[in-house]
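In the numbering used here, each number is its position in the sequence shown, counted from 1, plus 74.
In this text, a Cβ means the ideal position worked out from N, Cα and C, and glycines have one as well.
Note that the coordinates shown come from a computational prediction; the quantities given were computed from them, not determined experimentally.
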Amino acid sequence: MTGKHTGSCPLLKINRLPDWQPAGQLPNRQKTRYIRGHRGRPAYPLPPVLKAVLPGQWHSLSDPELERCLATRPDFCFFCGFDEPALPDHSTLCRFRNRPAQDDALARLPEPVNRRLTEKGLKTEKAPA
Numbered sequence: 075m076t077g078k079h080t081g082s083c084p085l086l087k088i089n090r091l092p093d094w095q096p097a098g099q100l101p102n103r104q105k106t107r108y109i110r111g112h113r114g115r116p117a118y119p120l121p122p123v124l125k126a127v128l129p130g131q132w133h134s135l136s137d138p139e140l141e142r143c144l145a146t147r148p149d150f151c152f153f154c155g156f157d158e159p160a161l162p163d164h165s166t167l168c169r170f171r172n173r174p175a176q177d178d179a180l181a182r183l184p185e186p187v188n189r190r191l192t193e194k195g196l197k198t199e200k201a202p203a
């Protein structure tokens, strides 16, 4: 999906940028805080969930709409790096999106990512879905 489709899929262009990886900016404390205790299902890996929340923000998608895009749009799924059967549902996306209210480091992550993408000429705010 990366070769000839990159020009028509902005998410694939963004995914190819070497310096945009936001999850690498998180201190280990935040990475481990996201991982649950021994109760319930295992947590989703942090980078794919963060990568899912960003295009949701850029496209002004609700959590159910973002869940649907992850399930139906190959560019969203490829960009985030999820294995198709293991996609997060809207409640998981909502909980993760609301974490920045409790965690300052997570709240600041989209800012440098959006700034770098704008510098590269890739518009990230209010993109059509």
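Asked	Found
The alpha helix (DSSP H) enclosing S165, as first and last residue numbers	164-172
Collapsed DSSP secondary structure at R64 in the structure displayed	Here the chain comprises residues numbered 75 to 203, so residue 64 is not present and cannot be evaluated.
Chain-order list of residues whose beta-carbon lies under 6 Å from that of L140 (same chain, five-residue window excluded)	G130, L167
Where the alpha helix (DSSP H) through P84 begins and ends	84-90
Neighbourhood of P138 by C-beta distance below 8 Å, restricted to the same chain and skipping five residues each side	H164
K125 vs C83 beta-carbon contact at 8 Å	no
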